[in-house]
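*Asks:*
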Amino acid sequence: MSLCNRLKEARVTKNLTQESLARAVGVTRQSIIAIEKGKYVPSVRLALELAQALETSLEDIFWLAGDEKG
Amino acid sequence: MRMTDMRKYYVSRVALTAVAVAILLLAGAPWWMVTVGGVLVLGFFLLAPRSGRYVVKAERGSTALRRDEWTQAVVNKAGRNGFVALMLAAAGVGIYWGSIAETGVPAYLLYLLVALGWVVYFASDFWLRRM
């Protein structure tokens, strides 16, 4: 099963740019782009840091393909 | 990244550039080589935070430029691809010159093998970073 995400939607909801989110979690902007496009599966640590920076839960941003997501 | 952190980073990079220039001067390098070396080192440090390849962690002092997990993963994959290409080419050369050809392996071929490994590394790096 592949990992899906709605990182971009969560980031836009918070009015954050890719650059500001990248700075908040200590990665490059390219890493945020790669994750948003599904080209890179982040580590659990980075996924948790992203969820924390976006003030949401991990499950709201990442889920496995096949799981229902509203 | 706060501005004070970036200021700390730039100050430390200027200091490192000065050390590199001093080493070149002590080694007896001509003035133009010292100038070019200093510009290249300082240019790298100025461009690196904007390159998308490194993040700046100013609190780490002289090792402030770090790869994050994605850029490290890209480098690892590119390195693996380069190494595999090098080994496959070396195996091919070994088989051909070990059992078919009647002459020894030309010396230039060994340089070509290493060059092939680097070309595959850089091509993989470029390909994996495309968006």
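Residue numbers (our numbering), protein chains in the order written: chain A, 1 to 70; chain B, 71 to 201. For glycine and all other residues, C-beta sits at the position ideal for the given N, C-alpha and C. Nothing here was measured: the structure is a model prediction, and the numbers come from that model.
When burial is assigned at 16 or more other CB atoms within 10 Å of the CB, is Val25 (chain A) buried or exposed?
*Replies:* buried
*Asks:* Can a CB atom of chain A be found closer than 8 Å to the CB of Gly254 (chain B)?
*Replies:* Residue coverage of chain B in this structure runs from 71 to 201, which leaves residue 254 (chain B) outside it and unanswerable.
*Asks:* Would you mind telling me which residues of chain A sit closer than 9 Å to Thr133 (chain B), beta carbon to beta carbon, in chain order?
*Replies:* The contacting residues do not exist; Thr133 (chain B) stays about 15 Å from chain A at best.
*Asks:* Return yes when the Cβ of Ala47 (chain A) is within less than 8 Å of the Cβ of Ile32 (chain A), no when it is not.
*Replies:* no
*Asks:* For a quick check, are the C-beta atoms of Tyr191 (chain B) and Gly152 (chain B) less than 8 Å apart?
*Replies:* yes
*Asks:* With 7 Å as the C-beta to C-beta threshold (strictly closer), list the residues of the stretch 15 to 29 of chain A near chain B in chain order.
*Replies:* Arg23, Gly26, Val27, Thr28 and Arg29
*Asks:* Which of the three DSSP states, helix, strand or coil, is assigned to Leu258 (chain B)?
*Replies:* As displayed, chain B neither begins before 71 nor continues past 201, which places residue 258 (chain B) out of reach and without an answer.
*Asks:* Per DSSP, what kind of secondary structure is Leu72 (chain A) in: helix, strand or coil?
*Replies:* Nothing can be reported for residue 72 (chain A), as the shown portion of chain A is limited to 1 through 70.
*Asks:* Among the candidates A:Cys4, A:Glu59 and A:Arg29, whose CA atom is the shortest distance from the CA of Val126 (chain B)?
*Replies:* A:Arg29
*Asks:* Where Pro42 (chain A) and Asn146 (chain B) are concerned, what is the direct C-alpha to C-alpha distance, given to the nearest angstrom?
*Replies:* 15 Å
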